[in-house]
Every structure is written in C-alpha cells, then in structure tokens.
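Q:
2 protein chains.
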Amino acid sequence: MCSVTVGVGRSSGGSAPGRTRGAYDGDVSEQATGVTAVVEPPLSRAARKERTRQALLDAGLRLAADHTLAAVSLRHIAREVGIVPTAFYRHFDSVEQLGLELVDASFASLRAMIREVRAGEPEVNTIVRNSVEVLVEHVHAQRAHFHFIARERFGGVPAVREAIGHQLQLFERELATDLARLPTMDTWSSEDLRVLANLIVHAMVATVEQLLAAPANRPDLEQEIMRTARRQLQMIIVGAASWGNPR
Amino acid sequence: MCSVTVGVGRSSGGSAPGRTRGAYDGDVSEQATGVTAVVEPPLSRAARKERTRQALLDAGLRLAADHTLAAVSLRHIAREVGIVPTAFYRHFDSVEQLGLELVDASFASLRAMIREVRAGEPEVNTIVRNSVEVLVEHVHAQRAHFHFIARERFGGVPAVREAIGHQLQLFERELATDLARLPTMDTWSSEDLRVLANLIVHAMVATVEQLLAAPANRPDLEQEIMRTARRQLQMIIVGAASWGNPR
DNA sequence: GAGTTCAGTGAACATCTGTACACCCCAGCG
DNA sequence: CGCTGGGGTGTACAGATGTTCACTGAACTC
C-alpha cells in the first residue's frame, strides 16, 4: 500500500489538491492503485486550500460549459477535482454558491476588457474598430467565462441569473456615462443615453453569443461576425447622431 | 377497490389522461384512495393518446420554466401528468425529443406574430409602433413559449439549442427580404440587409428577455421597456437610412 | 515537543433517476 | 362476437445524488 498518492485534475487547470490517503472513486471504496508519487513543493496549509478551491471553481466552469450549472452535481465537481464529495463543503456551501463566485470571476475579466477600450482615443471610427477587436480578443482569452455568462444568463439557477443581470445593468450604466463624454452626445438626455447604451450592450452580447456559437476552426466565420458587429455599431452610432436629440 | 379513477393534471392544462387502475405515486405502490369518479365523455383511443401527449408537452413546458429542460426528469414530467414513468415512452423516446417538439410549437406562435406585423401598412413609424405592440401582446399571450426559447437558446440540451438557432436564422432571413421591400432600402446590398436584420432581431430578442424578466405585476416597467424598444428601433432605422449604403 | 486546527477520508443513509420487463384491459377491428 | 393492438400499470434494478457523521494525520501554534 502506497502512502502518498496524488490526485490529478482531469484537464487544463491541472491543479490537484494534496492527497494524503487513498484515492476516492465513488462510494464503493477501493484500494488505491499504485501511483507514481509526484514530488510537490511543500505548500502552506492556506495555499493548499486555495489551490483546491481554485480547482473546484475551474472544474465548475468546465462542467457548466457542457451541461448548464443547474445540471452539474456536487459529486461531479468533486470527482473532477479528485476529492471526496464531502470535502466540497470545506470550500462552498453549495454548487449555487460556487456559481455566484464564478459570476464574479467572469465579470472581473469583462471589466478588464472595458478598461482597455476606454483607454483608447475618443474618435468614433477608432472606437468602433477598437471595441470589436478587443471584444473578440477577450472572447478568445476568456472563452470559458463568456460562455458561462451567456448560458447562465437565463439558466436554471435563479441566484446566478440575478447576479448576472445585475452586473449587466451596472455595465450599461457605465457605458451610458462614457457615451455622455463623447463630443456629439454631451447634450443628450440621460434617458436617451440609457436607451442607446442598452442597445449597444445587447448588440455586443449578441455578438459574443455568435462568436461562441461559431466553431473554433472557422476563422472565416469569425471575420464575418466581426464585420457584422462593426457595421452594426456604425449604424447605431450614425443613427443616434443624425437622429439628434428629439427630446 | 374502485374500478375507475381519474388522474388530474396539477395545473393549467388540466388535461388528464384516462386512467384505468390505481393511482401512481412513486415507486412504492399504494392502494388508490377512494376517488370521486368524474364522468368523462367517451373519447376515441387516438384522441385520448393525443390528450396525454399534449399534457406531457404542457408539463414539460411548465417544468422547464422552473429548472431548465436539462434538469427536468422524465419521471418528473410523468408525475406531473399523472401517469407512470414508463408510459412516457409511449409518446416520446426521451425528454430531449419532447424538447424539440416544444421548439416547434414555440416558433409556431412566433410565426403567427410576424404574420400579423407584416399585414400592417408599410410606413416606418407605424411599423415601429405596431411591431413593438404586437410583440408585447404575444409575449403576454405566449409567455411560456417565449420563456422556453429564451432559456433553452443557450441551455444544456445541444439538439434543442441547435434547433432554436436554426429557427432564429430563418427568421432573420425572412426579415431581410421584408426589409428589401421597404421604399428606402430597395437599393441596399443583400449583405447590408442581412446585417440590419441581424441587429433588429437581436434587439427584439433582448426586448423579449427584458419583458420576461420584468415581474408580471409591474405594468410601469413594461411601459418603460416598450418605450425603450420603440426608440431603439427608431435609432436603428433612422441610422440605417441616413447612413445610406456605403457599399 | 505537546496540543490544536482543519482539509481531507470513507461509510452510510434516504431519495431520486432511466430503463427493462411482464402484465392488464378496453377500444376498434374483422 | 371474439381477437388484437397498444396506452396504461407495477415491479424491479443498478446507479447517481445531497448530506450526516466519526475519523485521521499533517500543518500550524504555543
């Protein structure tokens, strides 16, 4: 009987929590098969806990991509990470709570994105070009996060749904104040700014959803989606400008 | 032991399949409690089958509203309808197949809607006003269907997801040919028409989603959403027109 | 170096799931 | 009239699920 075995995460994160006894493979206990011991750097207890916690979040994100969070079981996540189901409770009260944390993480990467756009020069055509480019770039880099938000936005877990809705609303408001700073719109009513921001946000959401739906091995499709998104933004902005401010 | 008992659907549809023996209440068999026999009109076998089938579809739609279709079990649906789980297979191979049928049903009501809009006169302001009004009206009348589409559009059942995506694409194409018939757009390239139709469809989808998210007892919120939707449509159309046709 | 903390284990539970199987009984057919 | 097709029933099973409980042993604290 080996004394130290190391659970290995199924994929990407590769983060495996420290294991001390046997391997867990379902309720039926089995002897741990002989496992090549991997030497790990001695980590502090807190660090190891954080590592497992992250592994759980990663696993949740990965599994939610396949089945919807509502259909992902606590046991499934635990199995994926390589810990016993009951150990899950050391980190989260429920899958739902884990989901809420995923919402936060996902929107954090989104905020990073908007900051990047905001940093550019305030010329309309550049903004359009930049925005779409940055968006696509971030969808690539944070595909899982965007995917999670898109799916759970109307998914089966009410608390998660509401959290996402709230974040999107914040987003919309921020965009509205950004728009107010543009030269052509400084005289607009806040109402009109809100309406415009709402339209833009939803057009971008739709673009993200189309990007996510496009198979990864079709760069032509992606180019097409980008072109469409640019034109739509142009239509919206040009329209808003020439329509002026009728109230 | 009573000879004829009648299962009663839990809610709306009220459609109950004919029952001949005992009541089913889980795997543990129980004697059917004395039930007041409800006199039913003698239906043909085919009619009774259709009735049960409809009851299953209704139950599926209702349950999917609470939990996402992927999280709804065959047993749950059967229980809701008042039949034994195994009887489900007499009507559908799986919950997924039932879901695909729900997609068809939902889009049928959507098509009815678009037909109504198309019937109106082709004047821009009237179109905008009409479209939004008809949309809201139909969301009220077919709330469950719209809800189903919104949720399952990115839900956990791949086949259902794809079916919905396909239907939306058809929609977009139809809208594009409609737009081509408008006086201001008869010279547009089909590419631009497609882009514009895409934008409009997604704006409307977003509107529906906002309507569905709004609590039913807040008519003021609904009015606000309608106003926003109208303005957005105006912005889009005005923008498209004044932007002209740069390619 | 002794004592405490706590992330992880493993067994047990009640309950739920999809599906196979044999049966039953009535409408609808000849 | 009797036969039969098929919507319905019950039973059964193997597997999955959330949660409880008592436990262990290495990392921390003093």
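Respectively, the protein sequence lines represent chains S and C. Per our numbering, residue 301 is the first one in the first sequence, and the count goes up by one each step. Per our numbering, residue 301 is the first one in the second sequence, and the count goes up by one each step. Note that the Cβ used here is the ideal one computed from N, Cα and C, for glycine as well.
#1: Can you say whether isoleucine 536 of chain C is buried or exposed, counting buried as having 16 or more other CB atoms within 10 angstroms of its CB?
#2: Count the C-beta pairs between the stretch 379 to 387 of chain S and the stretch 431 to 439 of chain S that are closer than 8 Å, then say yes if the count reaches three, no if not.
#3: Can you tell me whether valine 335 of chain C is helix, strand or coil according to DSSP?
#4: When you compare only the Cα positions, how much space is there between alanine 506 of chain C and asparagine 498 of chain S?
#5: If we ignore side chains and look at the alpha-carbon of each, how far apart do leucine 356 of chain C and arginine 415 of chain C end up?
#6: Secondary structure at asparagine 425 of chain C, three-state DSSP: helix, strand or coil?
#7: Counting only beta-carbon separations shorter than 8 Å, does alanine 451 of chain S have a partner in chain C?
#8: Starting from the C-beta of glycine 456 of chain C, find all residues in its chain whose C-beta is less than 8 Å away, skip the five residues before and the five after it, and write them out in chain order.
#9: Which residues in chain C have a C-beta closer than 8 Å to the C-beta of methionine 535 of chain S? List them in chain order.
#10: Considering valine 508 of chain C, what are the terminal residues of the alpha helix (DSSP H) in which it resides?
#11: Return the residue from the list S:Leu482, S:Arg481, S:Ala476 and S:His502 that minimises the CA-CA distance to glutamate 491 of chain S.
#12: Can you pull the chain S neighbours of glycine 456 of chain C, defined as C-beta to C-beta under 7 Å?
#13: Counting only beta-carbon separations shorter than 8 Å, does glutamine 532 of chain S have a partner in chain C?
#14: Taking Cβ positions only, does alanine 444 of chain S come closer than 8 Å to chain C?
#15: What whole-angstrom Cβ distance do alanine 364 of chain C and leucine 400 of chain C have, given they're in contact under 8 Å?
#16: Compare the beta carbon distance of valine 403 of chain S and alanine 463 of chain S with 8 Å and say whether it is the shorter of the two.
#17: At the 8 Å Cβ level, is alanine 514 of chain C part of the contact set with chain S, yes or no?
#18: List in chain order: all unbroken alpha helix (DSSP H) runs of 4+ residues lying wholly within the stretch 391 to 445 of chain S.
#19: Rounded to the nearest angstrom, what separates arginine 375 of chain S and alanine 359 of chain S at their Cα positions?
#20: Just to make sure I have the definition right: I need the residues of chain C whose C-beta is within less than 7 Å of the C-beta of glycine 465 of chain S. Which are they?
#21: Run down chain S in chain order and give the residues with a C-beta less than 9 Å from the C-beta of alanine 506 of chain C.
#22: For arginine 362 of chain S, count the other beta carbons within 10 Å of its own beta carbon; 16 or more makes it buried, fewer makes it exposed. Which is it?
#23: Between the alpha carbons of arginine 453 of chain C and glutamate 452 of chain S, how many angstroms are there, rounded?
#24: First and last residue of the alpha helix (DSSP H) that includes glycine 455 of chain C?
#25: Are the beta-carbon atoms of glutamate 509 of chain C and alanine 412 of chain C separated by less than 8 Å?
A: Looking at the coordinates:
#1: As a working note, residue 536 of chain C is residue 236 in the second sequence. Looking at its Cβ environment, which holds 16 or more other Cβ atoms inside 10 Å, isoleucine 536 of chain C is buried.
#2: no
#3: For the purposes of this step, residue 335 of chain C is taken as residue 35 along the second sequence, with counting starting at 1. Because valine 335 of chain C sits at a pLDDT of 41, beneath the cut-off of 50, its placement in the model cannot be relied upon, and the following sentence gives the value as read from the coordinates. Correct three-state label for valine 335 of chain C: coil.
#4: On the second sequence, position 206 is the one that residue 506 of chain C refers to. On the first sequence, position 198 is the one that residue 498 of chain S refers to. Roughly 9 Å between the two C-alpha positions.
#5: For the purposes of this step, residue 356 of chain C is identified with residue 56 of the second sequence, where counting begins at 1. For the purposes of this step, residue 415 of chain C is identified with residue 115 of the second sequence, where counting begins at 1. Going from the Cα of leucine 356 of chain C to the Cα of arginine 415 of chain C covers about 28 Å.
#6: If you number the second sequence from 1, residue 425 of chain C lands on position 125. Three-state result, asparagine 425 of chain C: helix.
#7: Residue 451 of chain S sits at position 151 when you count from the first residue of the first sequence. One point to set straight first is that residue 451 of chain S is arginine, not alanine, in the sequence displayed. So yes, arginine 451 of chain S belongs to the interface.
#8: If you number the second sequence from 1, residue 456 of chain C lands on position 156. Closer than 8 Å at the Cβ level, and outside the excluded window around glycine 456 of chain C, lie Thr368, Leu369, Ala370 and Ala371.
#9: Here residue 535 of chain S corresponds to residue number 235 of the first sequence, with the count starting at 1. Near methionine 535 of chain S (Cβ distances below 8 Å), the residues of chain C are Val495, Leu496, Leu499, Ile536, Gly539, Ala540 and Trp543.
#10: One-based indexing of the second sequence puts residue 508 of chain C at position 208. Run containing valine 508 of chain C: 490 to 513, per the alpha helix (DSSP H) assignment.
#11: Locating residue 491 of chain S in the first sequence gives position 191, counting from the first residue. Checked all of S:Leu482, S:Arg481, S:Ala476 and S:His502; the closest Cα to glutamate 491 of chain S is S:Ala476.
#12: On the second sequence, position 156 is the one that residue 456 of chain C refers to. Under the 7 Å cutoff, chain S gives His367, Thr368 and Ala371.
#13: Counting from 1 along the first sequence, the entry for residue 532 of chain S is found at position 232. Answer yes: the Cβ-Cβ gap between glutamine 532 of chain S and chain C drops below 8 Å somewhere.
#14: Here residue 444 of chain S is taken as the residue at index 144 of the first sequence, counted from 1. Cβ-Cβ to chain C under 8 Å: no for alanine 444 of chain S.
#15: Numbered from 1 along the second sequence, position 64 holds the residue referred to as residue 364 of chain C. Numbered from 1 along the second sequence, position 100 holds the residue referred to as residue 400 of chain C. So it is not a contact: roughly 13 Å between Cβ atoms.
#16: The residue given as residue 403 of chain S occupies position 103 in the first sequence. The residue given as residue 463 of chain S occupies position 163 in the first sequence. The answer is yes: Cβ separation under 8 Å.
#17: Numbered from 1 along the second sequence, position 214 holds the residue referred to as residue 514 of chain C. Not one chain S Cβ lies under 8 Å of alanine 514 of chain C.
#18: 395 to 419 and 424 to 441
#19: Working through the first sequence from its first residue, we reach residue 375 of chain S at position 75. Working through the first sequence from its first residue, we reach residue 359 of chain S at position 59. So the alpha carbons of these two residues sit roughly 11 Å apart.
#20: What you label residue 465 of chain S is simply residue 165 of the first sequence in a count that begins at 1. Ala513, listed in chain order.
#21: Here residue 506 of chain C refers to the residue found at position 206 of the second sequence. Those within 9 Å of alanine 506 of chain C in chain S are Asn498, Leu499, Val501, His502, Ala503, Val505 and Ala506.
#22: Along the first sequence, one-based indexing puts residue 362 of chain S at 62. Arginine 362 of chain S comes out buried.
#23: Taking the second sequence and counting its residues from 1, one reaches residue 453 of chain C at position 153. Taking the first sequence and counting its residues from 1, one reaches residue 452 of chain S at position 152. Distance between the alpha carbons of arginine 453 of chain C and glutamate 452 of chain S: 11 Å.
#24: The sequence position of residue 455 of chain C within the second sequence is 155, counting from 1. Counting along the chain, glycine 455 of chain C falls outside any alpha helix (DSSP H), and DSSP gives it neither H nor E.
#25: Taking the second sequence and counting its residues from 1, one reaches residue 509 of chain C at position 209. Taking the second sequence and counting its residues from 1, one reaches residue 412 of chain C at position 112. Against a cut-off of 8 Å, the Cβ pair of alanine 412 of chain C and glutamate 509 of chain C comes out as no contact.
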